[in-house]
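In terms of UniProt numbering, the sequence shown has 21 at position 21, counting the first letter as 1, and numbering is strictly consecutive. For glycine and all other residues, C-beta sits at the position ideal for the given N, C-alpha and C. Quick caveat: nothing in here was measured; it's all calculated off a predicted structure. Data block below; observations after.
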Amino acid sequence: MQASASTFIQASRNRAWSVFADTSAWPAWYDGIRHAAWIEGKPWTDGSILRLDSRWGVFGACVRLAAEPSMAVIEVRIWSSTAVLVFEVEDSVGGCQVKVRESWHGPAAWLGPITRPARTQKLTRAMVAFRHCAEAL
């Protein structure tokens, strides 16, 4: 199951990346995350682990790829499934384009046809809130 959303931000790619990279601010724009903190490895390096406290529980998120300031791939084991989040930032005239993709593997993926619209709406709301954070001075 995959869902995605994107938004144009009137800010530089570096600004967008700095907002994303500041995991302490994730609760401001990513609905459901209450707290995020690094527990293993240097932040935003391949293999580092981020603890995510969410309304659904506490999970460890592993950075699978970090290409600052363009892309990050994070893998989260949630019960018997795996969620992969891909965050991308591309330069664009007047700012940058930010895209987020979420894919699910394992038993949760079977619910894709049912949950895709809700997941897409959630990511769209996250991108709107992210844009407000990135464009704030």
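| Item | Value |
| --- | --- |
| Which parts of the region 10-53 are runs of the alpha helix (DSSP H), unbroken and 4 residues or longer, counting only runs that do not cross its ends? | 13-21, 26-29 |
| Could you check the C-alpha separation between residue 25 and residue 93 for me, to the nearest Å? | 27 angstroms |
| Residues in the same chain with beta-carbon distance under 6 angstroms from residue 55, minus the five sequence neighbours each way, listed in chain order, please. | 32 |
| Who are the near neighbours of residue 8 in its chain, counting only those whose CB is closer than 7 angstroms to its CB and skipping five residues on each side? | 92, 95, 97 |
| Nearest-angstrom Cα distance between residue 57 and residue 35? | 11 angstroms |
| Take the Cβ of residue 128 as the centre, count every other Cβ of all protein chains shown within 10 Å, and call the residue buried at 16 or more, exposed below. | exposed |
| In terms of alpha-carbon separation, which member of 45, 39, 43 lies closest to residue 59? | 39 |
| How many angstroms separate the CA atom of residue 119 from the CA atom of residue 48? | 26 angstroms |
| Nearest-angstrom Cα distance between residue 10 and residue 135? | 6 angstroms |
| Which residues bound the beta strand (DSSP E) around residue 77? | 71-78 |
| Which value, in whole angstroms, describes the spacing of the CA atoms of residue 14 and residue 113? | 35 angstroms |
| Check each candidate in 106, 4, 20 and name the one with the smallest Cα separation from residue 76. | 106 |
| How would you write the range of the beta strand (DSSP E) that residue 110 sits in, first residue to last? | Careful: residue 110 lies outside any beta strand (DSSP E) and carries neither H nor E. |
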